[in-house]
């Protein structure tokens, strides 16, 4: 965010502005309230009729039950998202550097070609993707899902690093070239060391996007390899699992990305503004 | 362009080549493959590429389910994009007044962006419980307790307009993002400009109407395209709120179901290609525009 401008507000009764802001705060917090409050209620207390009532004491039965059901999938998600986010960030960083600061003939054609890939509805590649995964024997596995996220993450990570490296002075790269460094050395010794902040931004972005994915996961993985989003959806669709457990499960599913947001929120915001084009 | 540009650098090309190859195969190659499937009669577990021309497309156009999909997509897009823009702009203007606590509100409005559509959907599914009378719960119960009975409704089970309730959950998730875009746009407008308008005797409302809003037009365009293409692809949110219900069907769900539950690959591919065409109409001019104007995408 740009530095705050010090100017007198035109609004005479400024405190009145808090009214709509607080109203909107309620709107944004209602789902969180229900998720938390329901999760902490004892089984006996849980009724749709008392959805809005605070729990009598803190009980974690719902979380224990939801965790038992979701734990394997939580680990699937972690095992998938960590390598996928790291690999796709590195690929994006190399592409972004070359396309922004080491251009070659045709580079300006390649960039839009790559970019288009992040807007496509993935339905339009899903049938061949499933066939391909079957052919190489990765259909149903976590490895197949990781590969998918790495490949379809190339456009967004390239864009984000491209934006970042465009802000790095040209002179820095050209000086290295004058000294005879090749493209790889320039990247490794000049660009990479100053890329830590942008790596944080891109890693967080990819972590969130891949953790939250549902479409690829539901199509490409078999039940034992389901990431947590698919498992939660399955839990919510089941008639036998009580809604309080579903609420606790929702919080467990949301927690990793929420924690990232709470502790590294400003990096998340930067990612949002540099390349948040995907839904 | 620098003189380096004319230089053919094989090392640089070799570093980009794997990514380029992957995208050429997995994006463009697979799209062509899907197109080929959409012109085939493939229905069943065994691939069947027998050419049937436009048959799958023509069948879709006369398919009542696809008509529902189009109607739902239009309603969802209008409510979701319109709602997110209005709410996002209002919040951005409020937060641009340098109020104490601004950071807190900003972070709060954006946090739903970090959550999966599936989580949002599961929670909203219980909030939008359509039961009334003695079984009333969720938001309806809250309205009842607050004396706002006129707001009680059947949410996503409302005939025809039910999809708008899902759009409400989507607005909850994405309006903070729209706000962040607008806020960045507002911060880029120089204070001198507003001051000049003030000196000329413009009221604060007039300044927003005639100075600030027109300058935010590019932001609005970006937001419409980003939100618009998200709404065309909406899938997991609906699944999590309501499962696969015909009244809330959209092309993405129809494609998924007819392909992977019904094994009618030809029709599934046709839906996917139509979806891609509409998204491309929106996105390709946008990519061209932003790249030629050197603006940040």
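Chains as they are written, first to last, in our numbering: chain L, 177 to 455; chain H, 3 to 299. All C-beta atoms in this analysis are idealised placements derived from N, C-alpha and C, irrespective of residue type, glycine included.
Use the C-beta contact count for residue 100 of chain H: other C-beta atoms within 10 angstroms, 16 or more gives buried, fewer gives exposed. Within the second chain, residue 100 of chain H is the residue found at index 98, counting from 1. It counts as exposed.
Alpha carbon of residue 253 of chain H to alpha carbon of residue 69 of chain H, nearest angstrom: For the purposes of this step, residue 253 of chain H is taken as the residue at position 251 of the second chain. For the purposes of this step, residue 69 of chain H is taken as the residue at position 67 of the second chain. Using only the alpha carbons, I get a separation of about 10 Å.
Tell me, please, whether the CB atom of residue 217 of chain H is closer than 8 Å to any CB atom in chain L? As a first step, residue 217 of chain H is located in the second chain; it is residue number 215 there, counting from the start. By this cut-off, residue 217 of chain H is not an interface position.
Please state whether DSSP places residue 160 of chain H in a helix, a strand or coil. Numbered from its first residue, the second chain carries residue 160 of chain H at position 158. Coil, per DSSP.
What ranges does the alpha helix (DSSP H) occupy inside the region 232-299 of chain H, keeping only unbroken runs of at least 4 residues that lie completely in it? 238-244, 253-262, 267-294
By the DSSP assignment, the alpha helix (DSSP H) with residue 15 of chain H in it spans what residues? As a working mapping, residue 15 of chain H is identified with position 13 in the second chain. From DSSP, the alpha helix (DSSP H) with residue 15 of chain H extends over 12-25.
Taking Cβ positions only, does residue 399 of chain L come closer than 8 Å to chain H? As a position in the first chain, residue 399 of chain L is number 223, starting the count at 1. It does not: the Cβ of residue 399 of chain L has no partner Cβ on chain H nearer than 8 Å.
Any beta-carbon of chain L closer than 8 Å to the one on residue 182 of chain H? For the purposes of this step, residue 182 of chain H is taken as residue 180 along the second chain, with counting starting at 1. By this cut-off, residue 182 of chain H is an interface position.
Closest Cα partner of residue 200 of chain L within the set H:111, H:42, H:195, H:73: Locating residue 200 of chain L in the first chain gives position 24, where the first residue counts as 1. Comparing Cα-Cα distances from residue 200 of chain L to each of H:111, H:42, H:195, H:73, the minimum goes to H:111.
Length of the line joining the Cα atoms of residue 372 of chain L and residue 242 of chain L: For this step, residue 372 of chain L is matched to residue 196 along the first chain. For this step, residue 242 of chain L is matched to residue 66 along the first chain. When rounded, the distance between both Cα atoms is 36 Å.
Extent of the continuous alpha helix (DSSP H) run through residue 410 of chain L: Position 234 of the first chain holds residue 410 of chain L. Note, residue 410 of chain L: alpha helix (DSSP H), 404-413.
Interface residues of the region 191-205 of chain L facing chain H [CB-CB below 8 Å]: 193, 194, 196, 197, 200, 201, 203, 204, 205
So, using beta-carbon positions, are residue 395 of chain L and residue 257 of chain L closer together than 8 Å? As a position in the first chain, residue 395 of chain L is number 219, starting the count at 1. As a position in the first chain, residue 257 of chain L is number 81, starting the count at 1. No.
With 8 Å as the threshold, decide whether the Cβ of residue 426 of chain L is near any Cβ in chain H. Counted from its first residue, the first chain places residue 426 of chain L at position 250. True, the Cβ-Cβ gap to chain H drops below 8 Å.
Outcome for residue 346 of chain L when other beta-carbon atoms lying within 10 angstroms are tallied against a minimum of 16: For the purposes of this step, residue 346 of chain L is identified with residue 170 of the first chain, where counting begins at 1. Residue 346 of chain L is exposed by the Cβ-count criterion.
Would you kindly report the start and end of the unbroken alpha helix (DSSP H) that includes residue 215 of chain L? Taking the first chain and counting its residues from 1, the one referred to as residue 215 of chain L is at position 39. Residues 194-215.
Would you say residue 235 of chain H lies against chain L (beta-carbon separation less than 8 Å)? Working through the second chain from its first residue, we reach residue 235 of chain H at position 233. Cβ-Cβ to chain L under 8 Å: yes for residue 235 of chain H.
Between residue 85 of chain H and chain L, is any beta-carbon pair separated by less than 8 Å? Taking the first residue of the second chain as 1, we reach residue 85 of chain H at position 83. False, the Cβ-Cβ gap to chain L never drops below 8 Å.
Using the three-state DSSP reduction, which class does residue 454 of chain L fall into: helix, strand or coil? Taking the first chain and counting its residues from 1, the one referred to as residue 454 of chain L is at position 278. Bear in mind that the predicted position of residue 454 of chain L carries a pLDDT of just 39, short of 50, making it too unreliable to give a figure here.
Helix, strand or coil, according to DSSP, for residue 397 of chain L in the structure here? Taking the first residue of the first chain as 1, we reach residue 397 of chain L at position 221. Residue 397 of chain L falls in the strand class under three-state DSSP.
Going by Cα to Cα distance, which pick from L:205, L:224, L:225, L:220 is closest to residue 232 of chain L? Residue 232 of chain L sits at position 56 when you count from the first residue of the first chain. When each option's Cα is compared against that of residue 232 of chain L, the closest is L:220.
In whole angstroms, what is the alpha-carbon distance linking residue 66 of chain H and residue 248 of chain H? As a position in the second chain, residue 66 of chain H is number 64, starting the count at 1. As a position in the second chain, residue 248 of chain H is number 246, starting the count at 1. Approximately 11 Å between the Cα atoms of the pair.
Minimum Cβ-Cβ distance from residue 410 of chain L to chain H less than 8 Å: Sequence index remark: in the first chain, residue 410 of chain L carries index 234 (1-based). No, its Cβ sits nowhere closer than 8 Å to a Cβ of chain H.
For a cutoff of 8 Å on Cβ pairs, would you count residue 262 of chain H as touching chain L? Numbered from 1 along the second chain, position 260 holds the residue referred to as residue 262 of chain H. At least one chain L Cβ lies under 8 Å of residue 262 of chain H.
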